[in-house]
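One structure is given here, and the rest of the page talks about it.
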Amino acid sequence: MDPYDRFELILNDEVVKTPIAIASMAGWVDAAYVLERAAHIGAAFIGGYSIDEATLEASAALVKAGRKEFVYDDPAEELRRQTALLAESDVVCGVNLRGSAPESFQRIAEALGSGVIYEIDAHCRQQPMIDAGCGEYLLHHPDRLAATIEALKSAGVTVSVKIRAGVAGDDRELARQIWRAGADIIHADLMDFGYAKVRQLRNTCPLTLIANNSINSFAVAKEMFSHGADLVSLARQSDATTLAALDAGVTEFADEIGWYNAPKQLCRGGDMRALTFCCMPVKDCPLLPLLKRIDMERGAFIGLKQECVANTPLEEGEHTCFGSLAFCCKSSTPCMFRDMHLRELGLSHQDYMRYKRRMAEKIMARIFA
Ligand SMILES: Cc1cc2nc3c(=O)[nH]c(=O)nc-3n(C[C@H](O)[C@H](O)[C@H](O)COP(=O)(O)O)c2cc1C
Ligand code: SF4
Ligand code: SF4
Numbered sequence: 002m003d004p005y006d007r008f009e010l011i012l013n014d015e016v017v018k019t020p021i022a023i024a025s026m027a028g029w030v031d032a033a034y035v036l037e038r039a040a041h042i043g044a045a046f047i048g049g050y051s052i053d054e055a056t057l058e059a060s061a062a063l064v065k066a067g068r069k070e071f072v073y074d075d076p077a078e079e080l081r082r083q084t085a086l087l088a089e090s091d092v093v094c095g096v097n098l099r100g101s102a103p104e105s106f107q108r109i110a111e112a113l114g115s116g117v118i119y120e121i122d123a124h125c126r127q128q129p130m131i132d133a134g135c136g137e138y139l140l141h142h143p144d145r146l147a148a149t150i151e152a153l154k155s156a157g158v159t160v161s162v163k164i165r166a167g168v169a170g171d172d173r174e175l176a177r178q179i180w181r182a183g184a185d186i187i188h189a190d191l192m193d194f195g196y197a198k199v200r201q202l203r204n205t206c207p208l209t210l211i212a213n214n215s216i217n218s219f220a221v222a223k224e225m226f227s228h229g230a231d232l233v234s235l236a237r238q239s240d241a242t243t244l245a246a247l248d249a250g251v252t253e254f255a256d257e258i259g260w261y262n263a264p265k266q267l268c269r270g271g272d273m274r275a276l277t278f279c280c281m282p283v284k285d286c287p288l289l290p291l292l293k294r295i296d297m298e299r300g301a302f303i304g305l306k307q308e309c310v311a312n313t314p315l316e317e318g319e320h321t322c323f324g325s326l327a328f329c330c331k332s333s334t335p336c337m338f339r340d341m342h343l344r345e346l347g348l349s350h351q352d353y354m355r356y357k358r359r360m361a362e363k364i365m366a367r368i369f370a
C-alpha cells in the first residue's frame with residue numbers, strides 16, 4: 002500500500018512513510034546514524050547541535066566533563082553537510098538545536114532553508130546548557146520559548162519543540178503557549194507520565210504530537226497512538242531490530258484497522274478525537290462532562306456530528322441506534338446493525354474507520370478553532 006494511503010501523515014510537506022522516528026542524542030545521532038536505520042523510520046531529529054557561541058561553549062564544557070557532543074567550528078556549515086546527506090533519503094529530517102537567543106535559531110533557519118524541521122531543544126537538563134539559556138531553561142521561561150518559536154516561524158520554516166513533561170508548572174499551559182506562538186509539532190519526552198500525558202496534550206492543542214520515552218515495543222507504541230500520538234520516537238534503543246519491530250507492528254495494525262492511531266472510545270479513556278465514535282448525548286456517561294468542559298451544548302454537538310458527515314457514506318444508517326453512522330461505535334465494538342448498513346454501502350471496516358478519522362479531524366478543527 003502507498004505510505005500516504007496507509008498513515009496519511011505529512012510533516013514539513015513530506016509524506017512520512019511510517020510513524021516511527023529517531024529522537025536526538027547529542028554526539029550520536031547524525032546523518033550517518035540515521036541512514037543506517039532509514040529502512041524502518043519515517044522521520045529523524047539529528048543532533049542536538051549547538052548553534053551559537055554560548056551553547057558551543059556549553060558543549061565544550063560538557064565534552065570536558067566526559068559527555069559526547071558534536072564538535073565543529075561552524076554550525077551552519079556542519080548542519081548543511083549533515084542535512085545534505087539526508088536529502089536523498091525518504092526520511093523526513095529534523096535538526097535538534099540548542100541556541101542561547103531567538104536570533105541564533107533564525108540565523109540558522111535562514112542559512113539552511115525550509116527543507117528540514119527545526120526542533121528547539123527545550124529538553125536538555127545539563128547545567129551548562131541551562132546556564133546558556135537553552136534546554137530546560139526554556140520550559141521555565143515560556144516567553145523566551147515563544148520568542149524563539151516566533152523567530153523561527155518568521156523564517157518560514159516548520160517548528161518542533163522538544164519538551165520534557167513535568168518540568169513546566171503546567172504542561173497544558175505550556176502546550177497552549179507553544180501552539181499560540183505558532184509551532185507545528187510538540188515532541189514530548191513523557192518521562193514517567195506515559196499515555197496519560199499524551200492524552201492531556203492531545204486534548205489541549207491541535208499540533209502534531211510525537212511521543213517519546215521508552216517506547217521500545219509495539220504494545221507501548223499502540224498505547225501512545227490510541228491516546229493521541231501521531232508519531233512515536235526512540236533515542237536510547239533506536240537500534241535497527243527495535244525500529245524494524247515497531248515499523249512492522251504499526252504497518253500491520255494500520256492495514257488491519259484502517260486508522261493506525263484511532264482513539265479508544267471516550268468511555269474507555271480515549272482522548273477527544275473519540276467524539277467521532279460517541280452516541281447521541283442521551284445518557285449519563287463521560288460525554289456529558291466533556292461537552293461541558295469544551296462548552297458545547299448537546300444540540301450543537303449533534304449538529305456538528307451531522308455537519309461533519311454531510312455528503313459522506315456516514316450520513317445515513319437506517320437501522321442503527323441513532324439513524325446515522327455519525328453516532329456509531331468504533332469498528333472493534335461488535336454490532337450487527339452497523340455492519341449490516343456498511344455491507345449495504347459496500348464499505349469495509351477499514352473504510353469506515355477512515356471516514357471516522359476524517360470526521361474526528363473536522364471535530365478537532367472545530368474545537369481548536
Ligand atoms: C546520550 C543522550 C543524549 C541526548 N541528547 C539530546 C539532545 O541533544 N537533544 C534532545 O532534545 N534530547 C536529547 N536526548 C533525549 C532523547 O532524545 C530522549 O528524549 C530520551 O532519551 C528519552 O527517550 P528514549 O527512552 O527513547 O531514549 C538525549 C538522550 C541521551 C540518552
Ligand atoms: S456517548 Fe457513547 S461512546 Fe461516548 S462516552 Fe458515552 S457511552 Fe461512550
Ligand atoms: S448501531 Fe451499533 S455501532 Fe451504531 S451506535 Fe448502536 S451499538 Fe453502536
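In terms of my numbering, the sequence shown is numbered consecutively and its last residue is 370.
Ideal Cβ placement from N, Cα and C applies to all residues, glycine included.
Exercise for the section: Report the residue from Cys336, Val30, Arg81, Leu305 whose alpha carbon sits nearest the alpha carbon of Gly318. Expected result: Taking the sequence shown and counting its residues from 1, one reaches residue 318 at position 317. Answer by Cα proximity: Cys336.
Exercise for the section: Measuring alpha carbon to alpha carbon, tell me which of Ala152, Glu151, Ala184, Leu153 ends up nearest Ile164. Expected result: The sequence position of residue 164 within the sequence shown is 163, counting from 1. Comparing Cα positions, the closest option is Ala184.
Practice task
Could you tell me which residues DSSP puts in a beta bridge with His188?
Solution key: Here residue 188 corresponds to residue number 187 of the sequence shown, with the count starting at 1. Partner(s): Lys163, Ile211.
Practice task
Would you list, in sequence order, the uninterrupted alpha helix (DSSP H) runs of no fewer than 4 residues that lie entirely inside the stretch 254-333?
Solution key: Correct list: 288-294, 299-310.
Exercise for the section: Please say whether Thr242 and Asn217 have beta carbons closer to each other than 7 Å? Expected result: Translated into positions along the sequence shown, residue 217 becomes position 216. Translated into positions along the sequence shown, residue 242 becomes position 241. Their beta carbons are not under 7 Å apart, which means Asn217 does not touch Thr242 by this criterion.
Problem - Alpha-carbon spacing of Ala301 relative to Thr277, whole angstroms - result: For the purposes of this step, residue 301 is taken as the residue at position 300 of the sequence shown. For the purposes of this step, residue 277 is taken as the residue at position 276 of the sequence shown. Going from the Cα of Ala301 to the Cα of Thr277 covers about 14 Å.
Exercise for the section: Anything with a beta carbon under 6 Å from a heavy atom of ligand 2 counts; list them all in chain order. Expected result: Near ligand 2, meaning a Cβ closer than 6 Å to any of its heavy atoms, lie the following residues in chain order: Gln266, Leu267, Cys268, Phe278, Cys279, Cys280, Cys286, Pro287, Leu288.
Practice task
Using three-state DSSP, classify Leu175 as helix, strand or coil.
Solution key: Translated into positions along the sequence shown, residue 175 becomes position 174. In this structure, Leu175 counts as helix in the three-state DSSP scheme.
Problem - Expected contact under 8 Å - CB spacing of Met365 and Met273 to nearest Å - result: As a working note, residue 365 is residue 364 in the sequence shown. As a working note, residue 273 is residue 272 in the sequence shown. Right, their Cβ atoms sit about 7 Å apart.
Practice task
Measure the alpha-carbon distance for Lys306 versus Asp74 and round it to whole angstroms.
Solution key: Your numbering for residue 306 matches position 305 in the sequence shown. Your numbering for residue 74 matches position 73 in the sequence shown. Approximately 56 Å between the Cα atoms of the pair.
Problem - Simplified DSSP assignment, three categories, for Glu104 - result: Your numbering for residue 104 matches position 103 in the sequence shown. Glu104 falls in the helix class under three-state DSSP.
Handout entry: Identity of the residues DSSP links to Leu247 by a beta bridge
Key = As a first step, residue 247 must be located in the sequence shown, where it is residue number 246. Its beta-bridge partners do not exist; DSSP assigns none.
Problem - Limits of the unbroken alpha helix (DSSP H) element including Asp240 - result: Here residue 240 refers to the residue found at position 239 when the sequence shown is read from its first residue. No alpha helix (DSSP H) holds Asp240; DSSP gives it neither H nor E.
Handout entry: Pick from Gln127, Leu267, Phe254, Leu343 that is closest to Ala361, judged by C-alpha positions
Key = The residue labelled residue 361 in the question sits at position 360 within the sequence shown. Of the candidates Gln127, Leu267, Phe254, Leu343, the one whose C-alpha sits nearest the C-alpha of Ala361 is Leu267.
Problem - Heavy atom of ligand 1 within 6 Å of Gly95 beta-carbon - result: In the sequence shown, residue 95 corresponds to position 94, counting from 1. No - ligand 1 has no heavy atom lying nearer than 6 Å to the Cβ of Gly95.
Practice task
Would you decide whether Glu308 is buried or exposed? Buried here means 16 or more other CB atoms lie within 10 Å of its CB.
Solution key: To locate residue 308, count along the sequence shown from 1; it is residue 307. Exposed: under 16 other Cβ atoms inside 10 Å.
Practice task
Jot down the residue ranges of each uninterrupted beta strand (DSSP E) in the stretch 45-132, minimum 3 residues, whole runs only, in chain order.
Solution key: 93-99, 118-123
Practice task
Please name the residue in Ile131, Ala156, Gly157 whose C-alpha comes closest to that of Arg145.
Solution key: Within the sequence shown, the letter at position 144 stands for residue 145. For Arg145, the nearest C-alpha among the options comes from Ile131.
Practice task
Consult DSSP for Ala33 and reduce its assignment to one of helix, strand or coil.
Solution key: Here residue 33 refers to the residue found at position 32 of the sequence shown. The answer is helix: DSSP assigns Ala33 an H, G or I state.
Practice task
Would you identify the three-state DSSP class for Glu15, choosing helix, strand or coil?
Solution key: Locating residue 15 in the sequence shown gives position 14, where the first residue counts as 1. Glu15: strand per DSSP, three-state reduction.
Practice task
Check Leu146 in the structure and name its three-state DSSP category.
Solution key: As a working note, residue 146 is residue 145 in the sequence shown. Three-state DSSP puts Leu146 in a helix.
Practice task
Could you name the residues of the same chain whose beta carbon sits closer than 6 Å to that of Gly114, not counting the 5 residues immediately before and after it, in chain order?
Solution key: Taking the first residue of the sequence shown as 1, we reach residue 114 at position 113. Correct list: empty, nothing qualifies.
Practice task
For Pro207, count neighbouring Cβ atoms within 10 angstroms of its own Cβ and tell me buried if that reaches 16, exposed if not.
Solution key: Residue numbering aside, residue 207 sits at position 206 when the sequence shown is read from its first letter. By the 16-neighbour rule on beta-carbons within 10 angstroms, Pro207 is exposed.
Problem - Exposure of Pro290, with buried meaning 16 or more beta-carbon neighbours within 10 Å - result: Looking up residue 290 in the sequence shown gives position 289. Classification of Pro290: exposed, given that the 10 Å Cβ count is below 16.
Practice task
Output the boundary residues of the beta strand (DSSP E) element that contains Ala370.
Solution key: On the sequence shown, position 369 is the one that residue 370 refers to. Element bounds for Ala370: n/a, residue is neither H nor E.
Exercise for the section: Would you mind sorting Ser332 into buried or exposed? The rule is 16 or more other CB atoms within 10 Å of its CB. Expected result: In the sequence shown, residue 332 corresponds to position 331, counting from 1. So Ser332 ends up on the buried side.
Practice task
Can you have a look at Thr19 and say buried or exposed, based on whether 16 or more other CB atoms are within 10 angstroms of its CB?
Solution key: In the sequence shown, counting from the first residue as 1, residue 19 sits at position 18. Buried: at least 16 other Cβ atoms inside 10 Å.
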